[in-house]
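Comments concern the structure below.
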Amino acid sequence: MVVGAFPLRDKVAIVTGGGSGINLAFVVLAVSSGAKCLIADLKLSPEAESILQKNPGKIAFQNCDVASWEDLEALPSAVISAFGKDTIPDIYIAGAGVFEPKWSNFFNDSETDFYRTMKINAEHPIKLTRIAMRTSLRANKPCVVVVVASTAGINGTYGAALYCASKHAVVGFVKSMAPADEEENVKIVAVLPGVVDTPLWTGAEAKDVAAQFSFQAEGAITADEVARTMKDAIEQSQLERSPAKRSLPYGDVRPNEDDIEEQS
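Its first residue numbered 1, the sequence shown is counted upward by one per residue in the working numbering.
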């Protein structure tokens, strides 16, 4: 048995990173299509706050650090608290991610025990998928997992080596999990957008990296475009694959020279 067509209407979705950007755009689209969404994020953007207030009973918020397995494990119970007893999530969006932050960067040596980028971008989608599979199998119902990856998952860029590694990891994971659709009735897919006009590039903390990679909004994909692709990936029984409109920017981008030298 395979999941097949899976319309959003009357479904319940967990959306990590839904407080802004691509994933907030998906929340808006999903709710307009008749679904309910639990946003799992560290905080809500002002736009998300407004959308939440306008959609009581349809959107809920759960504070969640996706690097914490405890926080991820709490999400199915949070769905019950938000939307009622016996409510089982139908859709899991592993959308939270970071792009080369100063606090978790291959060249900056700012961490002493692990790369938090890998926990957020790679480990969290893998763990969320396991939670989705376990929860759905216990309830004997199908589900869909969408991992928001990137064209960086099939390309490489010297100046974003850690980010590319994290996205390669989840692309490989999703490929490996393809049999789960037929064997477990759990469809696991990934979307691989290129550069998207979101706070990942335009936020206050992104100024340095936006300058380094020469980000230009007019050449970027919109969050709404990616959200529509996510919707198609969930709903369609046979996915139509199209070439990316734009890949990770400028494959010849180098890290900042001051960051390359070993930190003392």
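Glycine included, each C-beta is placed from N, C-alpha and C at the ideal position.
Can you grab the Cα-Cα spacing for the pair residue 179 / residue 41, in whole Å?
Numbered from 1 along the sequence shown, position 179 holds the residue referred to as residue 179. Numbered from 1 along the sequence shown, position 41 holds the residue referred to as residue 41. Going from the Cα of residue 179 to the Cα of residue 41 covers about 30 Å.
Quick one: Cα of residue 28 to Cα of residue 175, how far?
Position 28 of the sequence shown, counting from 1, holds the residue named residue 28. Position 175 of the sequence shown, counting from 1, holds the residue named residue 175. Rounded to whole angstroms, residue 28 to residue 175 spans 28 Å at the Cα level.
The alpha helix (DSSP H) spanning residue 53 covers which residue range?
As a working mapping, residue 53 is identified with position 53 in the sequence shown. DSSP places residue 53 in the uninterrupted alpha helix (DSSP H) bounded by 46-54.
Hey, does residue 17 have any beta-carbon neighbour from chain B nearer than 8 Å?
Absence of chain B from the displayed structure is noted, only one protein chain being present.
Only counting the same chain, and skipping five residues up and downstream in sequence, which positions put a Cβ closer than 6 Å to that of residue 121?
Walking along the sequence shown from the start, residue 121 turns up at place 121. Cβ neighbours of residue 121 beyond the five flanking positions: 97, 166.
Buried/exposed call for residue 135, threshold 16 Cβ in 10 Å:
Along the sequence shown, one-based indexing puts residue 135 at 135. Buried is the call here.
In chain order, each alpha helix (DSSP H) run of at least 4 residues that lies wholly inside the segment 132-187
Unbroken alpha helix (DSSP H) stretches of 4 residues or longer found wholly inside the segment 132-187: 161-176, 180-184, given in chain order.
Nearest neighbour of residue 266, chosen from 236, 227, 238 [CA to CA]:
With the chain represented from 1 up to 264, any question about residue 266 goes unanswered, as that position is not in the structure.
So, residue 233 versus residue 195, is the Cβ gap smaller than 8 Å?
For the purposes of this step, residue 233 is identified with residue 233 of the sequence shown, where counting begins at 1. For the purposes of this step, residue 195 is identified with residue 195 of the sequence shown, where counting begins at 1. Cβ atoms of residue 233 and residue 195: not closer than 8 Å.
Under 8 Å by Cβ, that's how I've got residue 91 and residue 11 pegged, so tell me the actual separation to the nearest angstrom.
Reading the sequence shown from its first residue, position 91 is the one you call residue 91. Reading the sequence shown from its first residue, position 11 is the one you call residue 11. At roughly 6 Å, the Cβ-Cβ gap stays under 8 Å, so residue 91 and residue 11 are in contact.
Expressed to the nearest angstrom, what Euclidean distance is found between the alpha-carbon atoms of residue 50 and residue 19?
By 1-based counting over the sequence shown, the position of residue 50 is 50. By 1-based counting over the sequence shown, the position of residue 19 is 19. Looking at the two C-alpha atoms, the distance is approximately 11 Å.
Suppose only complete runs of 4+ residues qualify. What are the alpha helix (DSSP H) ranges in the segment 23-90, listed by chain order?
Every unbroken stretch of the alpha helix (DSSP H) spanning 4 or more residues and falling wholly within the segment 23-90 is given here in chain order: 46-54, 69-73, 75-83.
Would you say residue 160 and residue 198 are within 8 Å of each other, going by their C-beta atoms?
As a first step, residue 160 is located in the sequence shown; it is residue number 160 there, counting from the start. As a first step, residue 198 is located in the sequence shown; it is residue number 198 there, counting from the start. Against a cut-off of 8 Å, the Cβ pair of residue 198 and residue 160 comes out as no contact.
Top-ranked residue by Cα proximity to residue 147, from 87, 107, 211, 230:
Here residue 147 corresponds to residue number 147 of the sequence shown, with the count starting at 1. When C-alpha distances from residue 147 are compared across 87, 107, 211, 230, the shortest belongs to 230.
Beta-bridge partners of residue 93, as assigned by DSSP:
What you label residue 93 is simply residue 93 of the sequence shown in a count that begins at 1. Per DSSP, the beta bridge partners of residue 93 are 15, 146.
Reference residue 184, options 130, 216, 156, 191, closest by Cα:
To locate residue 184, count along the sequence shown from 1; it is residue 184. Minimum Cα distance to residue 184 is reached at 130.
Consult DSSP for residue 220 and reduce its assignment to one of helix, strand or coil.
As a position in the sequence shown, residue 220 is number 220, starting the count at 1. Correct three-state label for residue 220: coil.
Between the C-alpha atoms of residue 34 and residue 170, what's the straight-line distance to the nearest angstrom?
What you label residue 34 is simply residue 34 of the sequence shown in a count that begins at 1. What you label residue 170 is simply residue 170 of the sequence shown in a count that begins at 1. About 29 Å.
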